[in-house]
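Undergrad: Mind having a look at this structure? Questions to follow.
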Amino acid sequence: MVARSAPVGFPLPRARDFHVVIGPSTRRRRVGGWIGLAIVVSASFLLLVSSRIALDRSAFVIDDLRVRIAAEESRYWELRLRVTELQSPERIAGLAEDMGMVFPGEIFTIEVPGLGDPGPGIEARWIDLKALLSARAEP
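Quick note on numbering: the sequence shown equals residues 3 to 141 in the numbering used here.
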C-alpha cells in the first residue's frame with residue numbers, strides 16, 4: 003500500500019497583491035511601426051507633390067499653346083485681309099492703267115484657215131437640245 007501524503011496547500015494571493023512590474027530590461031520599444039508609418043506618409047506626400055507638378059507643367063504647356071494659337075489666328079486673319087486687298091478689282095485696274103493697259107475700242111475676230119467652220123451658234127444648239135428633250139418626254 004501506498005501512503006498518501008496530506009495535500010499541501012498553497013496560500014492564494016489576494017487581488018491587491020497582483021501588480022505589473024516592467025523593468026528596463028523587459029521593456030521594448032516598438033518603433034518599427036512608427037518608422038513604417040512615417041515612410042508611407044512621406045512617400046504619399048512626395049507622390050502628391052510630384053503629381054501636382056506634372057499637372058501644373060501640363061497646364062503651363064496648354065496655356066502657352068493657347069497663346070500661340072491666338073497669335074496664329076490673328077496672323078491668319080491679317081493675311082486673309084491682305085489677300086483680299088491684293089485681289090481687289092479696283093487695285094488691279096489701277097495697276098493696269100499705270101502699266102499702260104486699256105480696254106480695247108474695237109473687237110476683231112481672227113479666222114485661221116483650215117480649222118473648219120465655227121458651227122452653229124448658241125441659240126441653234128439650245129433649240130436642238132429643247133427638241134431632243136421634248137421628244138424624250140413624250141411616251
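The beta-carbon is built from N, C-alpha and C at its ideal position, and this holds for glycine as well.
Do you know offhand how far Gln89's Cα is from Leu50's?
TA: Counted from its first residue, the sequence shown places residue 89 at position 87. Counted from its first residue, the sequence shown places residue 50 at position 48. Cα to Cα, the separation comes out at about 58 Å.
Undergrad: Output the distance between the C-alpha atoms of Val69 and Arg84, rounded to the nearest integer angstrom.
TA: The residue you call residue 69 lines up with position 67 of the sequence shown. The residue you call residue 84 lines up with position 82 of the sequence shown. Roughly 23 Å separates the two Cα atoms.
Undergrad: In angstroms, rounded to a whole number, what distance separates the CA positions of Asp1 and Ile94?
TA: Summary: the structure shown does not reach residue 1, with the chain confined to residues 3 through 141, and so no result is reported for it.
Undergrad: Locate the alpha helix (DSSP H) running through Glu108, then write down its first and last residues.
TA: Stepping through the sequence shown from its first residue, residue 108 is reached at position 106. Careful: Glu108 lies outside any alpha helix (DSSP H) and carries neither H nor E.
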